[in-house]
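Trainee: Below you will find the structure I want to go over with you.
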Amino acid sequence: MSTDSDCAELAGGRLDIDLAAIVANWRDLDRRSRPGRAAAVVKADAYGLGAARVVPALVAAGCETFFVALPAEGAAIRPHAAGARIFVLEGAHAGSVGVLRGHGLIPALASMDQVRLWAEKGGGAPCALQVDTGMNRLGLDVDEAVRLAGDGGLCARLTIVHLMSHFACADEPDDPLNRRQVETFRQAVAAFGDVESSLSNSAGVLGGGAFGHAITRPGIALYGGEAVNGLANPMRPVVRLDARIVQVRSARAGETVSYGAAHRLSRDSRIAIASVGYADGYPRSGSGAGVPLRDAVGEGHAGFVGGHRAPLLGRVTMDLTCFDVTDVPEEALAGGRIELIGPNRPLDDVARACGTIGYEILTGLGPRYRRRYPNESGH
Ligand SMILES: *Cc1c(COP(=O)(O)O)cnc(C)c1O
Numbered sequence: 000m001s002t003d004s005d006c007a008e009l010a011g012g013r014l015d016i017d018l019a020a021i022v023a024n025w026r027d028l029d030r031r032s033r034p035g036r037a038a039a040v041v042k043a044d045a046y047g048l049g050a051a052r053v054v055p056a057l058v059a060a061g062c063e064t065f066f067v068a069l070p071a072e073g074a075a076i077r078p079h080a081a082g083a084r085i086f087v088l089e090g091a092h093a094g095s096v097g098v099l100r101g102h103g104l105i106p107a108l109a110s111m112d113q114v115r116l117w118a119e120k121g122g123g124a125p126c127a128l129q130v131d132t133g134m135n136r137l138g139l140d141v142d143e144a145v146r147l148a149g150d151g152g153l154c155a156r157l158t159i160v161h162l163m164s165h166f167a168c169a170d171e172p173d174d175p176l177n178r179r180q181v182e183t184f185r186q187a188v189a190a191f192g193d194v195e196s197s198l199s200n201s202a203g204v205l206g207g208g209a210f211g212h213a214i215t216r217p218g219i220a221l222y223g224g225e226a227v228n229g230l231a232n233p234m235r236p237v238v239r240l241d242a243r244i245v246q247v248r249s250a251r252a253g254e255t256v257s258y259g260a261a262h263r264l265s266r267d268s269r270i271a272i273a274s275v276g277y278a279d280g281y282p283r284s285g286s287g288a289g290v291p292l293r294d295a296v297g298e299g300h301a302g303f304v305g306g307h308r309a310p311l312l313g314r315v316t317m318d319l320t321c322f323d324v325t326d327v328p329e330e331a332l333a334g335g336r337i338e339l340i341g342p343n344r345p346l347d348d349v350a351r352a353c354g355t356i357g358y359e360i361l362t363g364l365g366p367r368y369r370r371r372y373p374n375e376s377g378h
């Protein structure tokens, strides 16, 4: 009889998520936030890595504040963080008030309409206020925020426990917009007296700490991704992805590989067929020959077999991807696996190869992988 664990072994890829590294990264970011404290952004299922595993590890490490995007995400982590504050970044709307209040979630109110809604329907429960200082995404304009601060009647019906704003270009520390946002947000915060506040995302923390605010909101850096362009990434890597090699085949110089016959072999080759494809979130834009992006970003995906580099050949397909293992010794291939994200192939190298960012690779990691949490205790 076959068991679930037999099936797990047969998964196309094995995704190892290092909870101890996430905890170490949080502690590091928490130190960099002093005298403030680091919260943890765990939206999108903790950037694809599993909020149900990540949140308890961070709670055990002392993290007391979490940010999610949606009310349902907050409700899902509530059982793992009974005493924590959970902020919901999309704020509140008429349909979500019940869920927010039922799970003790704190909406980060994002417009005057939301403010009025919560004043009317929030029952005095805590809320946060988002102030837009240059992103033009969510939040009150600074003028609106200052006006609200002066509206005693409305404020009396709100328990505002937190003010937040969000950097547009913290990944480029020299962009003048950063400085302007710091100043603009300071004005808004001053209007509210001594309400707790936060501004920095990961890049903000790495570039300037908490900027005088009590809380920071790192996400990507917790999960080992690069936050600041051009800065050596000081975070511990978290994710390792190894795909199963389904077959190794030989092909002659002049033959072509994968859809569109886009790659023509320049030598007699050995080709490893890995059991991972774009349906697993291994983007097709990282294909070798045959995608327009290759004109702009020279190199596509590559894997490593026993530490030997194996460039991708042709196009990534839905379930399978072809790698050139001609130069890989037979002993290394005998392991039957190819490293696609890991010590030889950092997450952000994978992202660059397909013209995107580590955030998108992480949040796209598919459901077919066998997920393992080798350092479950987390500390
Ligand atoms: C996603 C998000 C963060 C976390 O950003 P990172 O760049 O991943 O650190 C912080 N604040 C807000 C408002 C966000 O939407």
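Under numbering that gives the first Met the number 0, the residue at position 276 of the sequence shown is numbered 275, and the numbers go up by one with no gaps.
Idealized CB from N, CA, C, for every residue including glycine.
No experiment lies behind these values; they were computed from the predicted model shown.
Where does leucine 162 sit, in a helix, a strand or coil, going by DSSP?
Mentor: Looking at leucine 162 - three-state DSSP - the assignment turns out to be strand.
Trainee: Phenylalanine 210: which of Phe184, Ala118 and Arg314 sits nearest, CA to CA?
Mentor: Phe184
Trainee: Using the C-alpha atoms, what's the distance from arginine 156 back to glycine 12?
Mentor: 52 Å
Trainee: Indicate the three-state DSSP secondary structure (helix, strand or coil) for proline 282 in the structure shown.
Mentor: coil
Trainee: Rounded to a whole number of angstroms, what is the C-alpha to C-alpha distance between leucine 176 and histidine 307?
Mentor: 43 Å
Trainee: By DSSP, does alanine 155 sit in helix, in strand, or in coil?
Mentor: helix
Trainee: Whose CA, out of Val114, Ser110, Val87 and Met111, lies closest to the CA of glycine 103?
Mentor: Comparing Cα-Cα distances from glycine 103 to each of Val114, Ser110, Val87 and Met111, the minimum goes to Val87.
Trainee: Less than 8 Å between the C-beta atoms of methionine 163 and alanine 118, yes or no?
Mentor: With respect to alanine 118, methionine 163 sits apart: the two C-beta atoms are not nearer than 8 Å.
Trainee: In this structure, how does DSSP classify histidine 212 when only helix, strand and coil are distinguished?
Mentor: coil
Trainee: Which runs of the alpha helix (DSSP H) at least 4 residues long sit entirely within the stretch 287-362? Give them in chain order.
Mentor: Assignment of alpha helix (DSSP H) within the stretch 287-362, counting only whole runs of 4 or more residues, yields 329-332 and 346-352 in chain order.
Trainee: For the beta strand (DSSP E) containing leucine 128, list its first residue and its last residue.
Mentor: That run of the beta strand (DSSP E) goes 125-129.
Trainee: Can you check DSSP and say which residues form a bridge with arginine 370?
Mentor: In the DSSP output, where bridge partners are listed per residue, arginine 370 has Leu14.
Trainee: Between which two residues does the alpha helix (DSSP H) harbouring phenylalanine 86 extend?
Mentor: Segment 84-87 is the beta strand (DSSP E) holding phenylalanine 86; no alpha helix (DSSP H) there.
Trainee: Any heavy atom of ligand 1 inside 7 Å of the beta-carbon of glycine 357?
Mentor: no
Trainee: Are the beta-carbon atoms belonging to asparagine 232 and glycine 218 less than 8 Å from one another?
Mentor: No Cβ-Cβ contact shorter than 8 Å links asparagine 232 with glycine 218.
Trainee: Kindly list the residues whose CB is nearer than 6 Å to the CB of lysine 120, restricted to its own chain and excluding five residues on each side of it in sequence; keep chain order.
Mentor: Val96.
Trainee: When you compare the CB of glycine 152 with every CB in chain D, is at least one pair closer than 8 Å?
Mentor: Note that chain D does not occur in the displayed structure, where there is just one protein chain.
Trainee: Let's see if you can read the secondary structure: which residues bound the beta strand (DSSP E) around alanine 252?
Mentor: Taken as a continuous stretch (DSSP letters only), alanine 252 belongs to no beta strand (DSSP E), as it is neither H nor E.
Trainee: By DSSP, does proline 55 sit in helix, in strand, or in coil?
Mentor: helix
Trainee: For leucine 108, which beta-bridge partners are listed by DSSP?
Mentor: According to DSSP, leucine 108 bridges with Leu128.
Trainee: When the Cα atoms are used, what is the spatial distance from alanine 352 to glycine 285?
Mentor: 5 Å
Trainee: Hey, out of Ala124, Thr158, Asp112 and Leu153, whose CA is closest to aspartate 140's CA?
Mentor: Asp112
Trainee: Would glycine 305 and valine 275 qualify as a contact pair, given that the criterion is a beta-carbon distance under 8 Å?
Mentor: no
Trainee: Give the C-beta separation of valine 41 and valine 67 to the nearest angstrom, bearing in mind that I take them to be a contact with Cβ-Cβ under 8 Å.
Mentor: 6 Å
Trainee: Around ligand 1, which residues pass a check of Cβ closer than 5 Å to any of its heavy atoms?
Mentor: Val40, His165, Asn200, Ser201, Arg216, Pro217, Gly218 and Ile219
Trainee: Any heavy atom of ligand 3 inside 7 Å of the beta-carbon of glycine 12?
Mentor: As presented, the structure is devoid of ligand 3, carrying ligand 1 as its sole ligands.
Trainee: Would DSSP call arginine 146 helix, strand or coil?
Mentor: In this structure, arginine 146 counts as helix in the three-state DSSP scheme.
Trainee: Reducing DSSP to helix, strand and coil, say where phenylalanine 191 ends up.
Mentor: coil
Trainee: Over the uninterrupted alpha helix (DSSP H) stretch that includes isoleucine 76, give me the two end residues.
Mentor: 70-76
Trainee: With 16 as the cutoff for other CB atoms within 10 Å, does arginine 33 come out buried or exposed?
Mentor: exposed
Trainee: Is the Cβ-Cβ distance between glycine 208 and leucine 292 less than 8 Å?
Mentor: In terms of Cβ geometry, glycine 208 and leucine 292 do not form a close pair [threshold 8 Å].
Trainee: Taking the alpha-carbon positions, what's the alanine 60 to alanine 20 distance?
Mentor: 12 Å
Trainee: May I ask which residues mark the beginning and end of the beta strand (DSSP E) holding arginine 269?
Mentor: That run of the beta strand (DSSP E) goes 268-273.
Trainee: Hey, how far is the Cα of glycine 224 from the Cα of leucine 69?
Mentor: 22 Å
Trainee: In the DSSP output, which residue or residues are listed as bridge partners for arginine 31?
Mentor: In DSSP, arginine 31 forms no bridge with anything.
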